[in-house]
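Here the numbering used here is used: position 32 in the sequence shown is 38, and no number is missing along the way.
Read through the structure below, which is laid out as structure tokens, and then see the notes.
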Amino acid sequence: MTRIKDTFLKLKKSNKKALVSYLVAGDPDLETSLRIMHLMIKEGVDLIELGVPFSDPMAEGVSIQKGYERALVNGVSLEDSLSLIKKFRKKDKKTPIILMGYMNPFDSMGSKVFCRKASKSGLDGILIVDMPPEESIEFTKETKKMGIDIIRLVAPTTSSSRVKKICKEASGFVYYISLKGITGANLINSKEVRKKISKLQNLTKLPVVVGFGIRDGIAASSVIDLADGIVVGSAFVDIMGGQKSKIDKEMSIKIRDLSQAINKS
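If you want it as structure tokens, here you go:
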């Protein structure tokens, strides 16, 4: 059983929802990233999604773009991101780690080389924003060999036929984008999100998590009732861009707020 599947099963048995945190690898530096990853787990995060720094992140809002810029100034690469996971695994063998990024760095490394290195580092899943199922046949083949899940995105504008195809190709969990536009945007239509999640759950047995636009406990509680978990990114990345001396305290407060909101019972 994969770490991702095991985590969601344990949460379900405990009647709890998953809190998935997003960080940019190497933001503001690799040492801080590693320390905060461990802090996140200690405070209640269940899965960690690491963004691979990229110069043209089309789906990202201002907060995550700035996080990418801070990491790129330090020259952080896909290789460094995998090394960060490997270091994390020295102390944590249980928490699922997902890499999220754009096709170019992965393509440059090559699917076979990447999957081999990813497996050795302890990676559990991969989410490539601009890689549709039709263009990921080779990647899917290699990830399956190495036991790495391919997480798929479903947007509010995705057609029903397309959603069926995406759910069929996905593994690990399905990531539902809660609003149209970029990460960190506001004004989630919680009624519409719940409606879409219900439809998704009729098409897949995989857990469904919701992301984009969830910055605090109020937003989290408005969409969590039907979902299996939430992804929070911009709110955490904003903290990483603040004063270094305040990162740990602010991160702990934010995680507790979100964790309590999604697990009120």
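Each residue gets a CB set at the ideal place from its N, CA and C atoms; glycine is no exception.
- Nearest to Leu15 by C-alpha distance, out of Ile157, Pro213 and Val229, is Pro213.
- In the DSSP assignment, Tyr181 falls within the unbroken beta strand (DSSP E) covering Val180 to Ile183.
- With respect to the C-alpha of Ile157, the residue from Ala124, Arg168, Lys147 and Ile172 having the closest C-alpha is Ile172.
- Residue Asp155 holds the alpha-carbon nearest to the alpha-carbon of Ile134 among Ile47, Asp155 and Val216.
- Listed in chain order, the alpha helix (DSSP H) runs fully inside the region 130–210 are 143–152, 166–175 and 196–207, counting runs of at least 4 residues.
- In this structure, Ser27 keeps its C-beta atom at 8 Å or more from the C-beta atom of Phe179.
- The C-beta distance from Lys97 to Pro162 rounds to 39 Å, too long to fall under 8 Å, and the pair is not in contact.
- Ile103 is bridged by DSSP to Ile54.
- Looking at the backbone, the Cα of Val30 and that of Lys170 are separated by about 30 Å.
- Here Ile253 is buried. Its C-beta has 16 or more other C-beta atoms within 10 Å.
- Less than 8 Å separates the beta-carbon of Ile54 from that of Met43.
- The continuous stretches of alpha helix (DSSP H) do not include Tyr108, and DSSP gives it neither H nor E.
- Around the beta-carbon of Glu148, 16 or more other beta-carbon atoms lie within 10 Å, marking it buried.
- For Leu25 against Leu264, the beta-carbon gap comes to about 6 Å, under 8 Å, which counts as contact.
- In this structure, DSSP gives Gly116 a state outside helix and strand, which the three-state scheme calls coil.
- Sequence-distant partners of Glu256 (beyond 5 residues in either direction) whose C-beta falls short of 6 Å from its own C-beta, in its chain, are Ile245.
- An exposed status is given to Met7, since fewer than 16 other beta-carbon atoms sit within 10 Å of its beta-carbon.
- Contact between Asp130 and Arg262 fails: their C-beta atoms lie close to 25 Å from each other, not under 8 Å.
- Counting other Cβ atoms within 10 Å of its Cβ, Gly219 reaches 16 or more and is therefore classed as buried.
- In the DSSP annotation of this structure, the continuous segment of the alpha helix (DSSP H) that includes Val243 starts and ends at Ser240 to Met246.
- Taking the Cβ atoms as the reference, Ser39 lies roughly 6 Å from Leu90, within the contact range of under 8 Å.
- For Ala226, the enclosing alpha helix (DSSP H) stretches over residues Gly223 to Val229.
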